Amino acid sequence: MNIAGKARSGLLLLFIIAAVALPFSVCPDFQSFIGPTVETASAWSAETISYEDYLERTEKLIFADRFKDAVELIEEAINKGGHKTAKLYFYLALSYDNLDELESAVTNYKKAISMNIDKEELLVSLKNLGIILRSQDNHKEAANYFGRYLKLVPDDPDVDNIRSYVEYYKKQ
């Protein structure tokens, strides 16, 4: 490796170290910022947890790209806490999607859509479902979700491609 290559490698390593260390320097008490981890979730769940607490901690875990921990917390909120809401199913779908557990993502996006979901979350759910189903060669169902998405966002930057996809597969 030449000198320029070594310099780029060293610079890349510094960026990686900074990215890993940044959350700890921004928030010295990072654990209290994030909330429970897998290890502390059982102790935390012994408390009476409000829906708002579940949401807040879930959002922090997702923001920190801790999707596996988010799934565990959301499933606890749904199964033990009885909080079966569109927002939690949306977050569960989003977490599974980021973990590449696509069947679970599809199931939970559909649950969220079937409930009274916020418009922004509905849009993300419809588009993500279309993308996942298209990747699984389930084109008719993908076209259905993309079509619903386009009705709500007719000015999407990719509108021409999505519309041609929808029209093609609705004819099949």
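Per the working numbering, the very first residue in the sequence shown carries number 2; after that it's consecutive.
Glycine included, each C-beta is placed from N, C-alpha and C at the ideal position.
Quick caveat, the model's predicted, so the values are computed rather than measured.
Can you give the beta carbon distance from residue i to residue j, rounded, assuming they're within the 8 angstroms contact cut?
| i | j | result |
| --- | --- | --- |
| Leu103 | Ile133 | 5 angstroms |
| Lys141 | Tyr110 | Contact doesn't hold; Cβ gap of about 17 angstroms is too wide. |
| Asp157 | Asn129 | Not a contact, Cβ separation roughly 13 angstroms. |
| Leu124 | Val160 | Rounded, the Cβ-Cβ distance is 13 angstroms, inconsistent with contact. |
Can you tell me where the alpha helix (DSSP H) with residue i in it begins and where it stops?
| i | result |
| --- | --- |
| Asp54 | Tyr52 to Phe64 |
| Glu76 | Phe68 to Asn80 |
| Asn162 | Val160 to Lys172 |
| Glu102 | Taken as a continuous stretch (DSSP letters only), Glu102 belongs to no alpha helix (DSSP H), as it is neither H nor E. |
| Ile118 | Unbroken run through Ile118: none, as it is neither H nor E. |
| His140 | His140 to Leu153 |
Tell me which residues share the same chain as residue i and place their Cβ nearer than 6 angstroms to its Cβ, disregarding the 5 neighbours each side in the sequence.
| i | result |
| --- | --- |
| Ser96 | Phe68, Ala71 and Val72 |
| Ile63 | Ala71 |
| Asn3 | Low confidence applies here, because Asn3 scores a pLDDT of 44, under 50, leaving its location unreliable; read the following figure in that light. The answer is none, since no qualifying residue turns up. |
| Tyr90 | Asn109, Lys112 and Ala113 |
| Ser105 | Tyr97 |
| Tyr150 | Leu127 and Lys128 |
In chain order, what residues of the same chain lie with their CB nearer than 7 angstroms to the CB of residue i, ignoring the 5 residues before and after it?
| i | result |
| --- | --- |
| Leu56 | Lys88 |
| Ile50 | Gly82 |
| Phe147 | Gly131, Ile163, Tyr166 and Val167 |
| Glu40 | Interpretation of Glu40 is limited by its pLDDT of 48, a score under 50 that renders its predicted location unreliable; no figure is taken from the coordinates. |
| Ala144 | Tyr166, Val167, Tyr170 and Lys171 |
| Lys120 | none |
Within the same chain, show all residues whose beta-carbon is closer than 8 angstroms to that of residue i, passing over the 5 residues directly before and after it, in chain order.
| i | result |
| --- | --- |
| Tyr52 | Ala78, Gly82, His84 and Thr86 |
| Ile75 | Tyr55, Thr59, Leu89, Tyr92, Leu93 and Ser96 |
| Glu122 | Ala87, Lys88, Phe91 and Ala113 |
| Gln173 | His140 and Lys141 |
Query - Meets three-Cβ-pair contact criterion under 8 angstroms: the segment 134-144 and the segment 111-124 - result: no
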